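Residue numbers (the working numbering), protein chains in the order written: chain E, 41 to 354; chain G, 7 to 150. Using N, Cα and C, we set each Cβ at its ideal position, and we do this for glycine too. Nothing here was measured: the structure is a model prediction, and the numbers come from that model. In what follows, a single structure is set out as C-alpha cells and then discussed.
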Amino acid sequence: MKFQRVELHNHTTHSDGYLSVEELLKLAKDRNFETIAITDHNTISTFEKVDDVLKENSYNLNIVKGVEITTAYGHIVALGMEDMCDFSQVNIFKVEQLFRKLKENGAVLVGIAHPFVVGRPITNGCRFQMKINDYLDVDYIEIYNGTYELGSKMSKFIGNEEALEYWEKLFLSGVNVAATSGKDIHKFYDDEDIPITFVEDYGLSRTENLYLSIKEIKSQVTRGPRIIYKFEGCNLKINFDNSSNYMDWNLRYKDYKYILTISSLNSTREYSIDSLDEEFIFNCEENRLTLRLYIEDKEYSNLVLMGIGIRGDV
Amino acid sequence: MEFKVKGVLNKSFIGLINYETVIEDVKKLRIKFNFTNRKVYNDSLENISAIKNTLSNNNINIDDETIKEVIDAQKTELQILVYNNDTFIGTAHRDEDVKDILISEEESSLGFRKTSIDKGVLKIIVNVVEVMADDTEYELMVSV
C-alpha cells in the first residue's frame with residue numbers, strides 16, 4: 041500500500057499569514073509535502089498567484105484550493121471550494137445550513153478546525169462553538185493543530201487531546217467523519233516532531249486520493265508509522281509501514297517499545313509491542329474501532345499514530 | 007462618489023454588520039477602515055477571572071506570568087469582506103486596526119481579486135470577531 045502526505049491547513053499574506061505564496065510553496069516543496077491545501081481566512085484571492093508560482097517553478101507539488109471560513113463562532117475548512125460564499129446569514133444553531141452552502145459552492149471536503157482551542161477571552165472566535173446536530177456534510181475533524189510550537193506555553197491552549205477524544209467518541213458512535221492534522225502554517229517553522237497526515241494512494245490523482253481517503257475514513261495522523269489493516273471475519277490483521285522518512289522514522293523506529301490501544305464504544309484493550317515489524321492479529325467482535333499507538337507509555341505526548349478509524353462492516 | 011459610516015461597539019459584541027449601497031461601474035475602488043481599542047491591556051480582576059475561568063474549564067493551570075502574557079495578547083479584531091452583486095471580491099483579514107484597500111483590474115490589495123466593480127450592489131461586511139473594550143469606534147469609508 042502506498043501513502044501520500046497531505047498538509048490541509050495553511051495561510052499566506054493574503055490573510056493573516058506571514059509567508060507570501062512563493063514562500064509557502066517553496067517551504068512545501070522543501071519539506072516534501074506531496075499535497076498542500078491553500079486555506080486563507082475568508083478569501084480566494086490567493087489562487088491566481090498560486091497558479092502563477094506553479095507555472096514559474098517545477099515543483100512536484102499538488103495544490104488543493106480551499107478557504108478557512110472564519111466566523112466569530114469557530115473556523116471551518118472548506119477544501120475544493122474555489123469561490124467564497126457569503127456566510128452573513130450563518131446561524132450557529134443551524135450550522136448544517138452553512139455546511140450545505142459550502143458544499144453547494146464547491147467544497148468537496150468540509151472540516152472543523154481546532155475545535156477545542158480555549159475560547160474567549162483568550163482566543164478570538166477560534167473555538168468551535170456551533171452546535172452540530174447532523175454530521176452529514178462534515179467530512180473531517182482536525183484532531184491535531186500545530187499552530188503553537190511544541191512545548192510553548194501557548195501549546196497548552198490548543199485542545200488537541202480533547203479533539204482526539206471527541207473524534208474517537210464520534211466515530212465509535214457511528215458517525216462517519218475522518219481525522220486529520222493541520223500545521224496551520226502562518227510563518228516559517230522548524231520541522232518539529234508534530235503529527236502529520238497521510239492518506240491512501242489509490243492510484244488516482246493526488247487530489248482524488250485525498251478526497252476519497254477522507255470520505256472513506258482512511259486518513260492517518262502520525263509522527264511516522266503508518267498502519268495497514270484488514271478484517272478477516274472477526275480477526276483484525278495489522279501491519280505497520282515504517283518506511284516514512286518523516287523525522288527519520290524509518291531509521292529510528294526500532295529503538296522503541298510500543299503500546300497499542302484498540303477502543304470500541306464500550307472498552308479499550310491495550311497491547312505491549314516489542315517490534316513494529318511483526319504482523320498482529322486481534323480478535324474483534326465490534327464493527328467500529330479506533331487505534332492509538334504510543335512509544336513507551338500512554339502519555340499523550342508519546343502518541344505516534346492516531347486518528348485511525350476502522351469499520352469492520354465496510 | 008464617497009461615503010463614510012461610523013459606529014460604536016460595546017465590549018463583547020460579536021457578529022456581522024452589513025453595509026449595502028448601489029454604485030455605478032467603477033474601475034477602481036478604495037475602501038478605508040479603521041477602529042480603536044485594538045490593544046487594551048486589561049488586568050482588571052474581572053478579566054483575570056474570566057481568563058482563569060476559561061482555563062479552568064479546559065483543565066489548564068498556568069502561572070501569573072503567563073496570565074500577563076495572555077492579557078498582553080488579547081486584542082480587538084474586526085475584519086472586512088467585500089461583495090459586488092453577490093460576487094465575492096475579497097477580504098481584509100490581517101491583524102491591523104487600519105485597513106487601506108484598493109480594488110481594480112490592474113492591482114488589488116492582498117486578500118482581494120483583481121477586478122473592476124460592476125454597477126449594482128456593493129456589500130461590505132464588518133466581521134466583528136472580538137471587542138475588548140466599550141466605546142470601540144470604527145469608521146468605514148468608500149471612494150471611487
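**Same chain, Cβ closer than 6 angstroms to residue 145 of chain G, neighbours up to 5 away in sequence not counted** = Your numbering for residue 145 of chain G matches position 139 in the second sequence. Only 12, 40 meet the Cβ criterion.
**Prompt:** So, using beta-carbon positions, are residue 168 of chain E and residue 183 of chain E closer together than 8 angstroms?
**Reply:** On the first sequence, residue 168 of chain E is found 128 positions in, with the first residue counted as 1. On the first sequence, residue 183 of chain E is found 143 positions in, with the first residue counted as 1. Not in contact: residue 168 of chain E and residue 183 of chain E (Cβ atoms no closer than 8 angstroms).
**Request:** Note down, in chain order, every chain E residue with its Cβ under 8 angstroms from the Cβ of residue 36 of chain G.
**Result:** Sequence index remark: in the second sequence, residue 36 of chain G carries index 30 (1-based). None at all; the shortest Cβ gap to chain E is about 17 angstroms.
**Request:** Pull up the distance between the alpha-carbon of residue 122 of chain G and that of residue 201 of chain E, whole angstroms please.
**Result:** As a position in the second sequence, residue 122 of chain G is number 116, starting the count at 1. As a position in the first sequence, residue 201 of chain E is number 161, starting the count at 1. Answer to the nearest angstrom: the Cα atoms are 47 angstroms apart.
**Asked** Where residue 72 of chain E and residue 263 of chain E are concerned, what is the direct C-alpha to C-alpha distance, given to the nearest angstrom?
**Response** Here residue 72 of chain E is taken as the residue at index 32 of the first sequence, counted from 1. Here residue 263 of chain E is taken as the residue at index 223 of the first sequence, counted from 1. For residue 72 of chain E and residue 263 of chain E, the distance between alpha carbons rounds to 15 angstroms.
**Request:** Tell me the start and end of each unbroken alpha helix (DSSP H) in the stretch 77-131 of chain E that is at least 4 residues and wholly inside, in chain order.
**Result:** 86-96
**Item:** Residue span of the beta strand (DSSP E) that contains residue 12 of chain G, given as start and end
**Value:** Position 6 of the second sequence, counting from 1, holds the residue named residue 12 of chain G. Residues 8-15.
**Prompt:** Is DSSP giving residue 46 of chain G helix, strand or coil here?
**Reply:** The sequence position of residue 46 of chain G within the second sequence is 40, counting from 1. Residue 46 of chain G: coil per DSSP, three-state reduction.
**Prompt:** How long is the line joining the alpha carbons of residue 287 of chain E and residue 241 of chain E, rounded to whole angstroms?
**Reply:** Position 247 of the first sequence, counted from the start, is the residue given in the question as residue 287 of chain E. Position 201 of the first sequence, counted from the start, is the residue given in the question as residue 241 of chain E. For residue 287 of chain E and residue 241 of chain E, the distance between alpha carbons rounds to 21 angstroms.
**Message:** Using 8 angstroms for Cβ pairs, my map puts residue 23 of chain G next to residue 136 of chain G. What's the rounded Cβ distance?
**Reply:** Counting from 1 along the second sequence, the entry for residue 23 of chain G is found at position 17. Counting from 1 along the second sequence, the entry for residue 136 of chain G is found at position 130. In fact, because the Cβ distance is near 14 angstroms, the residues do not count as touching under 8 angstroms.
**Request:** Would you list, in sequence order, the uninterrupted alpha helix (DSSP H) runs of no fewer than 4 residues that lie entirely inside the stretch 216-277 of chain E?
**Result:** 246-255
**Request:** Just the C-alpha distance for residue 205 of chain E and residue 107 of chain G, rounded to the nearest angstrom, thanks.
**Result:** Against the first sequence, residue 205 of chain E aligns to sequence position 165. Against the second sequence, residue 107 of chain G aligns to sequence position 101. When rounded, the distance between both Cα atoms is 43 angstroms.
**Prompt:** Does the beta carbon of residue 181 of chain E sit closer than 8 angstroms to a beta carbon anywhere in chain G?
**Reply:** Counting from one through the first sequence, the residue named residue 181 of chain E turns up at place 141. Output row for residue 181 of chain E: interface = no.
**residue 91 of chain G to residue 78 of chain E span [Cα, whole Å]** = To locate residue 91 of chain G, count along the second sequence from 1; it is residue 85. To locate residue 78 of chain E, count along the first sequence from 1; it is residue 38. Whole-angstrom Cα-Cα distance: 26 angstroms.
**Close Cβ partners of residue 136 of chain E (< 6 angstroms) along its chain, the five nearest in sequence each way excluded** = By one-based count along the first sequence, residue 136 of chain E stands at place 96. The answer, listed in chain order, is 174.
**Prompt:** Applying the criterion that 16 or more other CB atoms from any shown protein chain within 10 Å of the CB defines a buried residue, is residue 239 of chain E buried or exposed?
**Reply:** One-based indexing of the first sequence puts residue 239 of chain E at position 199. With 16 or more Cβ atoms within 10 Å of its Cβ, residue 239 of chain E is classed as buried.
**Request:** Could you please tell me which residues of the stretch 39-59 of chain G, in chain order, have their CB closer than 8 angstroms to any CB of chain E?
**Result:** 53, 56, 57
**Asked** residue 93 of chain E and residue 74 of chain E: beta carbons closer than 8 angstroms?
**Response** For the purposes of this step, residue 93 of chain E is identified with residue 53 of the first sequence, where counting begins at 1. For the purposes of this step, residue 74 of chain E is identified with residue 34 of the first sequence, where counting begins at 1. Contact: no.
**Asked** Going by beta carbon distance, what residues of the same chain come within less than 7 angstroms of residue 113 of chain G, once the five residues before and after it are set aside?
**Response** For this step, residue 113 of chain G is matched to residue 107 along the second sequence. Excluding positions up to five away in sequence, the list reads 120.
**Item:** Length of the line joining the Cα atoms of residue 309 of chain E and residue 191 of chain E
**Value:** Translated into the one-based positions of the first sequence, residue 309 of chain E becomes position 269. Translated into the one-based positions of the first sequence, residue 191 of chain E becomes position 151. Distance between the alpha carbons of residue 309 of chain E and residue 191 of chain E: 29 angstroms.
**residue 98 of chain G - DSSP class collapsed to helix/strand/coil** = Numbered from its first residue, the second sequence carries residue 98 of chain G at position 92. Reduced to three states, the DSSP call for residue 98 of chain G is strand.
**Prompt:** When the cut-off is 8 angstroms and only beta carbons count, does residue 159 of chain E lie next to chain G?
**Reply:** Here residue 159 of chain E is taken as the residue at index 119 of the first sequence, counted from 1. It does: the Cβ of residue 159 of chain E has a partner Cβ on chain G nearer than 8 angstroms.
**Message:** Could you check whether the stretch 250-260 of chain E touches the stretch 213-224 of chain E, counting it as contact only if at least three pairs of C-beta atoms, one from each stretch, sit closer than 8 angstroms?
**Reply:** yes
**Message:** Any beta carbon of chain G sitting closer than 8 angstroms to that of residue 49 of chain E?
**Reply:** As a working note, residue 49 of chain E is residue 9 in the first sequence. No, its Cβ sits nowhere closer than 8 angstroms to a Cβ of chain G.
**Message:** So, at 8 angstroms on beta carbons, what are the nonlocal neighbours of residue 59 of chain E in its own chain, with the 5 sequence-adjacent residues on each side left out?
**Reply:** For this step, residue 59 of chain E is matched to residue 19 along the first sequence. These residues qualify, in order along the chain: 51, 52, 53, 67, 225, 226, 227, 228.
**Request:** Could you tell me whether the Cβ atoms of residue 100 of chain G and residue 56 of chain E are closer together than 8 angstroms?
**Result:** On the second sequence, position 94 is the one that residue 100 of chain G refers to. On the first sequence, position 16 is the one that residue 56 of chain E refers to. It is a contact, given that the beta carbons lie within the stated cut-off.
**Request:** Identify the contact partners of residue 199 of chain E in chain G, using a Cβ-Cβ distance below 9 angstroms as the criterion.
**Result:** Along the first sequence, one-based indexing puts residue 199 of chain E at 159. Residues of chain G passing the Cβ test: 64.
**Request:** With a threshold of 16 other CB atoms inside 10 Å of the CB of residue 298 of chain E, please say whether the residue is buried or exposed.
**Result:** In the first sequence, the residue the question calls residue 298 of chain E occupies position 258. Flag for residue 298 of chain E reads buried.
**Request:** Determine the closest residue to residue 134 of chain G out of G:118, G:148, G:126, G:103, with distance taken between C-alpha atoms.
**Result:** Working through the second sequence from its first residue, we reach residue 134 of chain G at position 128. Of G:118, G:148, G:126, G:103, the residue nearest in Cα terms is G:103.
**Request:** Check whether the Cβ atoms of residue 101 of chain E and residue 48 of chain E sit closer than 8 angstroms, and answer yes or no.
**Result:** For the purposes of this step, residue 101 of chain E is identified with residue 61 of the first sequence, where counting begins at 1. For the purposes of this step, residue 48 of chain E is identified with residue 8 of the first sequence, where counting begins at 1. No; because the gap between Cβ atoms is not below 8 angstroms, this pair is not in contact.
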